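Using UniProt numbering, read the sequence shown as starting at 1 and increasing by one per residue.
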Amino acid sequence: MTEATDLAAAAGSTDPRVGLRAVVALRRLLEGLERLQVANARAKGWSWQEIADALEVTRQGVHKKHAKLLPMPDPRED
Numbered sequence: 001m002t003e004a005t006d007l008a009a010a011a012g013s014t015d016p017r018v019g020l021r022a023v024v025a026l027r028r029l030l031e032g033l034e035r036l037q038v039a040n041a042r043a044k045g046w047s048w049q050e051i052a053d054a055l056e057v058t059r060q061g062v063h064k065k066h067a068k069l070l071p072m073p074d075p076r077e078d
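Right, dumping it as structure tokens:
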């Protein structure tokens, strides 16, 4: 099994301590995957609106959450 599969199983535990720890770990994993895929989409030229549509959120929301985390392009490379 993968880490995500193990965490998903643990999230359904009847022991709240185990379940809640798994929820936290899954949230961190999900946030990391979202950052990775947003960066991937931006590198491939996707607009903030296209990313927002794919994530089913607003353009403003996705921009506010991710724009500051992405590397700024070097204007000298244009």
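For every residue, glycine included, the Cβ atom is placed at its ideal position computed from N, Cα and C. The model shown is predicted, which means the values in this text are computed figures rather than measured ones.
Tell me which residue opens and which closes the alpha helix (DSSP H) that residue i is part of.
i	result
Leu69	It is not in any alpha helix (DSSP H) - Leu69 carries neither H nor E in the DSSP assignment.
Thr2	Neither: Thr2 is in no alpha helix (DSSP H) and is coded neither H nor E.
Gly32	Pro16 to Ala43
Glu56	First-last for Glu56: undefined, no H or E at that position.
Does the distance from the C-beta atom of residue i to that of residue j stay below 7 Å?
i	j	result
Val62	Trp46	no
Leu70	Ala41	no
Distance, Cα to Cα, residue i vs residue j?
i	j	result
Thr14	Lys44	43 Å
Thr2	Ala67	30 Å
Val57	Ile51	9 Å
Gln37	Leu55	10 Å
Lys64	Asp53	15 Å
Leu7	Pro16	13 Å
Answer with yes or no whether the minimum CB distance from residue i to chain C is below 7 Å.
i	result
Thr2	Chain labels in this structure do not include chain C; a single protein chain is all it has.
Can we say the stretch 32 to 40 touches the stretch 10 to 23, given the rule of at least three CB pairs closer than 8 Å? no
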